[in-house]
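Chemist: When we follow the numbering used here, the leftmost residue of the sequence shown carries the number 2, and every step to the right adds one.
One structure, as structure tokens, below. Some questions next.
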Amino acid sequence: MLLEQIEQANDIKKIEAKDYDLLAEEIRQFLIQKISVTGGHLASNLGAVELTMALHLSLDLPTDKIIWDVGHQSYTHKLLTGRRDGFESLRKFHGMSGFPKRKESDCDAFDTGHSSTSVSAGLGLAKARDIQGQDHTIVSVIGDGSLTGGMAYEALNNASRLTTNFIIVLNDNNMSISENVGGVSKYLNNIRTAESYQGTKKGVYDTLLNIPMGNAMVNTIRKVKNSVKQLVIPGMFFEDMGITYLGPVDGHDVKGLVKVFKEAKRVKGAVMVHVITEKGKGYEPAVRHPSRFHGTDPFEIETGLPAKPRNVANYTDIFSTVMCKLGNRNEKVVAITAAMPDGTGLKRFRNMYPDRFFDVGIAEEHAVTFAAGLAAGGLKPVVAIYSSFLQRAYDQILHDVCIQNLPVVFAIDRAGLVGSDGETHQGIFDLSYLSSIPNLVVMAPKNKYELSDMMKFAVAYDGPIAVRYPRGVAYSGLEEFRALVELGKSEWIYKESGVALFAVGGMVKVAEEVREALKAAGVSCSLVNARFVEPIDQEAVSEAAKSHDLIVTLEENVASGGYGAKVVEYVNKERLSTRVLPITLPDAYIEHGNVDLLRKEVGTDAESIVAKIKEIL
Ligand SMILES: Cc1ncc(C[n+]2csc(CCOP(=O)(O)OP(=O)(O)O)c2C)c(N)n1
2 MLLEQIEQAN DIKKIEAKDY DLLAEEIRQF LIQKISVTGG HLASNLGAVE LTMALHLSLD
62 LPTDKIIWDV GHQSYTHKLL TGRRDGFESL RKFHGMSGFP KRKESDCDAF DTGHSSTSVS
122 AGLGLAKARD IQGQDHTIVS VIGDGSLTGG MAYEALNNAS RLTTNFIIVL NDNNMSISEN
182 VGGVSKYLNN IRTAESYQGT KKGVYDTLLN IPMGNAMVNT IRKVKNSVKQ LVIPGMFFED
242 MGITYLGPVD GHDVKGLVKV FKEAKRVKGA VMVHVITEKG KGYEPAVRHP SRFHGTDPFE
302 IETGLPAKPR NVANYTDIFS TVMCKLGNRN EKVVAITAAM PDGTGLKRFR NMYPDRFFDV
362 GIAEEHAVTF AAGLAAGGLK PVVAIYSSFL QRAYDQILHD VCIQNLPVVF AIDRAGLVGS
422 DGETHQGIFD LSYLSSIPNL VVMAPKNKYE LSDMMKFAVA YDGPIAVRYP RGVAYSGLEE
482 FRALVELGKS EWIYKESGVA LFAVGGMVKV AEEVREALKA AGVSCSLVNA RFVEPIDQEA
542 VSEAAKSHDL IVTLEENVAS GGYGAKVVEY VNKERLSTRV LPITLPDAYI EHGNVDLLRK
602 EVGTDAESIV AKIKEIL
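In structure tokens:
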């Protein structure tokens, strides 16, 4: 096994060039085998094997730096930097992260997880290098999907003024998670299919550098123009900005890539190397279904089918169904996703109402202001964005939607702990960052029926409103409790005395378990489904305070600025005498791992909560 010869960074340089294809094949087999067991990002990694090998052959790590945009495609990089064993514990608690982490390896130059940050970070690293008189190479690797994010252009705009070397690798597989969308995607597609690339199936290095006289030609041109930009006609969009463009080049030809990187390193300024890759390469099911294998649960290698077929609906499925119904009932309902038609469940809406569906690319900020415009124009936009990605659009929610009190519905999936993607993806801040924005109503459903009811309520509501729901199986218990959703009103599920549990969203299910345990221990216990985090149901809290010894709030959100903090504030303000115990996540970033395990770790599982309550009682 060639792979076994690679124990640390730069060991790849010991592999003979004739064996590069063999090594690439070994890496692919390794990744398929490991990810089939642990789950993880497969298709993007299979597409980036040769590209990563070529970068490692061209650079000297950790002195040189690679910044992986999003970071989900960094598995080969991990393999080539001595982390082969880490794949046993990939994305598990205290195991290896699925994303680059500076604390995990000195070869990981910058932590990523959210998209379109790599050019900004790389430019910062390049400037830090220059100011300190260092001379290492900085490479940012960004996908064509991530290049739909506005921040990438802000960075390119800034990078165009650079007079020292900074390499941007555009890893173009013509796919985001789903099909890539928009004008930039179309532009890249034109380059890819242009005769210069299609005709030869090779890139600039083959057409010019490799032909006899090629080098001489390159040198002459460079002398005349002092730039390599005349080598290529495509990429003028970047060239005109002041960024040298090299490409398109075949992203699965290691030797060819190494040659181009050598050229790129000579450019004094920002240089973009446009690399064409195939998402899922080397594994037929992933080539055929790149979206499904973007991030996958464990699967059977032979068939590509999930190891554990899913036969229960998750919250995304429920949202998907209710959106189709709402679209049918109300022609003004339009839906917006930021590059996640599959993940958010909006694909069905897209198929039914293509004219009322918008995939804006990985552009959450734009998605929200675009929705504000749609609302100002008289429509009823539903923006479906994962909790952690919506963080980016804070100002757009505040400035463009809420100051004008526009009726935009925010459907916030993956709220709460999400598990194996870890710190960057945990949706644990939304209750805090949303419920401090005036005019914005914030809700969380206790079960799948309530998600439907809340979506209907939200679409009928005349103002900005958010519904947040967790990843995973939609709870179907408590189906008999289906009181009408009323603004700011919570729902009493069990009314007793002693302890009053006020639970938000998914924590209602946990609260049921807590209540059972307390009752078994002889403690009388009420259960309130909070429903609204903003505004909180002050009446219900006052009522509970009068008839209970202890109010316990339960939410899957950080402590600061969450539901519990609001209840405490209210109880203090009203000088109510009842003690409040807020059960929240700590004010901290929570690492990757199985969600049940994480909850135990931070003390938000039923058992830990019962212990805390008993201690107080
Ligand atoms: C801000 C943000 N929004 C959404 C996502 C979810 N996401 C992860 S990867 C990805 C697609 C990336 O496509 P591309 O950059 O082309 O990389 P590829 O996987 O195709 O190599 C998306 C939308 C994210 N990571 N960050």
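Here a beta-carbon is modelled for each residue, glycine too, at the ideal position from N, C-alpha and C.
On a predicted model such as this, the values are computed, not experimentally measured, just so you know.
Which word fits E480, buried or exposed, when buried means at least 16 other C-beta atoms lie within 10 angstroms of its C-beta?
Modeler: In the sequence shown, the residue the question calls residue 480 occupies position 479. It is exposed - the Cβ of E480 has fewer than 16 other Cβ atoms within 10 Å.
Chemist: Cβ of R85 within 8 Å of Cβ of G283?
Modeler: In the sequence shown, residue 85 corresponds to position 84, counting from 1. In the sequence shown, residue 283 corresponds to position 282, counting from 1. Result no, Cβ atoms of R85 and G283 do not sit closer than 8 Å.
Chemist: Can H73 be considered in contact with ligand 1, in the sense that its beta carbon sits closer than 7 Å to one or more heavy atoms?
Modeler: Residue 73 sits at position 72 when you count from the first residue of the sequence shown. Indeed, a heavy atom of ligand 1 lies less than 7 Å from the Cβ.
Chemist: In chain order, what residues of the same chain lie with their CB nearer than 8 Å to the CB of K613, ignoring the 5 residues before and after it?
Modeler: In the sequence shown, residue 613 corresponds to position 612, counting from 1. Correct list, in chain order: L582, I584 and G604.
Chemist: Would you mind stating whether P1 and G565 have Cβ atoms separated by less than 8 Å?
Modeler: This structure does not reach residue 1, given that the chain is present from 2 up to 618, and the question cannot be answered.
Chemist: Would you list, in sequence order, the uninterrupted beta strand (DSSP E) runs of no fewer than 3 residues that lie entirely inside the stretch 122-166?
Modeler: 139-144
Chemist: Does DSSP put C325 in a helix, a strand or coil?
Modeler: Along the sequence shown, read from residue 1 onward, the residue named residue 325 stands at position 324. Residue state, collapsed to three classes: helix.
Chemist: Starting from R29 and walking both ways along the alpha helix (DSSP H), at which residues does that stretch end?
Modeler: Taking the first residue of the sequence shown as 1, we reach residue 29 at position 28. Y21 to T39 is the span of the alpha helix (DSSP H), which, as asked, contains R29.
Chemist: Note down, in chain order, each residue of its chain lying with its Cβ closer than 8 Å to the Cβ of P213, except the 5 sequence neighbours on either side.
Modeler: Here residue 213 refers to the residue found at position 212 when the sequence shown is read from its first residue. Per-residue confidence for P213 stands at a pLDDT of 47, beneath the threshold of 50, marking its modelled position as unreliable; the derived number appears in the next sentence. Excluding five sequence positions before and after P213, none of the CB atoms of its chain fall closer than 8 Å to its own CB.
Chemist: Do F262 and A44 count as a contact pair if the criterion is CB distance below 8 Å?
Modeler: Translated into positions along the sequence shown, residue 44 becomes position 43. Translated into positions along the sequence shown, residue 262 becomes position 261. Their beta carbons are not under 8 Å apart, which means A44 does not touch F262 by this criterion.
Chemist: Could you name the residues of the same chain whose beta carbon sits closer than 7 Å to that of T221, not counting the 5 residues immediately before and after it, in chain order?
Modeler: The count along the sequence shown starts at 1 and reaches residue 221 at position 220. Confidence at T221 is low in this model, with a pLDDT of 49, below 50, so its placement is unreliable and no value can be given for it.
Chemist: I'd like the span of the alpha helix (DSSP H) that includes A541, first residue to last.
Modeler: For the purposes of this step, residue 541 is identified with residue 540 of the sequence shown, where counting begins at 1. Unbroken alpha helix (DSSP H) run through A541: Q539 to S548.
Chemist: In chain order, which continuous runs of the beta strand (DSSP E) of length 3 or greater are located wholly inside the stretch 411-486?
Modeler: 442-444 and 466-469
Chemist: My output table needs one value for D360: the three-state DSSP class, helix, strand or coil.
Modeler: Here residue 360 corresponds to residue number 359 of the sequence shown, with the count starting at 1. Three-state result, D360: strand.
Chemist: Cα separation between N190 and I168?
Modeler: In the sequence shown, residue 190 corresponds to position 189, counting from 1. In the sequence shown, residue 168 corresponds to position 167, counting from 1. Rounded to whole angstroms, N190 to I168 spans 21 Å at the Cα level.
Chemist: Apart from the five residues just before and just after Y450, which ones in its own chain have a Cβ nearer than 7 Å to its Cβ?
Modeler: The count along the sequence shown starts at 1 and reaches residue 450 at position 449. Answer for Y450: E480 and R483, listed in chain order.
Chemist: Give the DSSP-derived three-state secondary structure of K203 in the structure shown.
Modeler: One-based indexing of the sequence shown puts residue 203 at position 202. Residue placement at K203 cannot be trusted, given a pLDDT of 44 that sits under 50; what the coordinates show is reported in the next sentence. Three-state result, K203: coil.
Chemist: Examine ligand 1 and report whether any of its heavy atoms sits within less than 7 Å of the Cβ of G144.
Modeler: Counting from one through the sequence shown, the residue named residue 144 turns up at place 143. Flag set: Cβ of G144 near ligand 1.
Chemist: Within this structure, are the beta carbons of L4 and L24 separated by less than 8 Å?
Modeler: Counted from its first residue, the sequence shown places residue 4 at position 3. Counted from its first residue, the sequence shown places residue 24 at position 23. Contact flag set, yes.
Chemist: How is the beta strand (DSSP E) around T585 delimited, first residue to last?
Modeler: For the purposes of this step, residue 585 is taken as residue 584 along the sequence shown, with counting starting at 1. Taken as a continuous stretch (DSSP letters only), the beta strand (DSSP E) holding T585 covers R580 to L586.
Chemist: Provide the residue span of the alpha helix (DSSP H) that contains G305, from first to last.
Modeler: Counting from 1 along the sequence shown, the entry for residue 305 is found at position 304. G305 -> no alpha helix (DSSP H), and no H or E assigned at all.
Chemist: Whose CA, out of L418, A501 and P465, lies closest to the CA of P587?
Modeler: Locating residue 587 in the sequence shown gives position 586, where the first residue counts as 1. Of the candidates L418, A501 and P465, the one whose C-alpha sits nearest the C-alpha of P587 is L418.
Chemist: Taking the CB atoms as reference points, tell me whether D145 and N175 lie closer together than 8 Å.
Modeler: The residue you call residue 145 lines up with position 144 of the sequence shown. The residue you call residue 175 lines up with position 174 of the sequence shown. In contact: D145 and N175 (Cβ atoms closer than 8 Å).
Chemist: Who are the near neighbours of V225 in its chain, counting only those whose CB is closer than 7 Å to its CB and skipping five residues on each side?
Modeler: In the sequence shown, residue 225 corresponds to position 224, counting from 1. Any reading at V225 must be qualified, since the residue scores a pLDDT of 42, below 50, and its modelled position is unreliable; the value itself is stated next. Closer than 7 Å at Cβ, skipping near neighbours: no residue.
Chemist: CB-CB under 8 Å to Y434, same chain, minus the five flanking residues each way: which ones, in chain order?
Modeler: Residue mapping note: residue 434 aligns to position 433 of the sequence shown, counting from 1. Once the five neighbours on either side are set aside, the close Cβ partners of Y434 are Q392, Y395 and G562.
Chemist: For D251, name the three-state secondary structure that DSSP assigns.
Modeler: Numbered from its first residue, the sequence shown carries residue 251 at position 250. Reduced to three states, the DSSP call for D251 is strand.
Chemist: To the nearest whole angstrom, what separates the beta carbons of S548 and S498, a pair I think is in contact under 8 Å?
Modeler: In the sequence shown, the residue the question calls residue 548 occupies position 547. In the sequence shown, the residue the question calls residue 498 occupies position 497. A Cβ-Cβ distance of about 5 Å is found for the pair S548 and S498, placing them in contact under the 8 Å criterion.
Chemist: When the Cα of N440 is compared with those of I466, I67 and A416, which residue comes out closest?
Modeler: Within the sequence shown, the letter at position 439 stands for residue 440. Measuring from the Cα of N440, the nearest candidate turns out to be I466.
Chemist: Under 7 Å: does the beta carbon of R580 sit that close to some heavy atom of ligand 1?
Modeler: Mapped onto the sequence shown, residue 580 falls at position 579. False, no ligand heavy atom lies under 7 Å from that Cβ.
Chemist: Express the C-alpha separation of L126 and Q34 in angstroms, rounding to a whole number.
Modeler: Against the sequence shown, residue 34 aligns to sequence position 33. Against the sequence shown, residue 126 aligns to sequence position 125. So the alpha carbons of these two residues sit roughly 35 Å apart.
Chemist: Where do the N-terminal and C-terminal ends of the alpha helix (DSSP H) with H78 fall, by residue?
Modeler: Locating residue 78 in the sequence shown gives position 77, where the first residue counts as 1. Taken as a continuous stretch (DSSP letters only), the alpha helix (DSSP H) holding H78 covers Y76 to L80.
Chemist: Can you name the start and end residues of the beta strand (DSSP E) that P1 belongs to?
Modeler: The structure shown has nothing for residue 1, since the chain only spans 2 to 618.
Chemist: So, helix, strand or coil for N352, using DSSP?
Modeler: Position 351 of the sequence shown holds residue 352. Correct three-state label for N352: helix.
Chemist: Under 8 Å, with one C-beta from each stretch per pair, do the stretch 371-380 and the stretch 403-421 reach the 3-pair mark?
Modeler: yes
Chemist: I think V442 touches F503, with their Cβ atoms under 8 Å apart; what is that distance to the nearest whole Å?
Modeler: The sequence position of residue 442 within the sequence shown is 441, counting from 1. The sequence position of residue 503 within the sequence shown is 502, counting from 1. Contact doesn't hold; Cβ gap of about 18 Å is too wide.
Chemist: Check Y284 in the structure and name its three-state DSSP category.
Modeler: Locating residue 284 in the sequence shown gives position 283, counting from the first residue. It is coil, neither helix nor strand.
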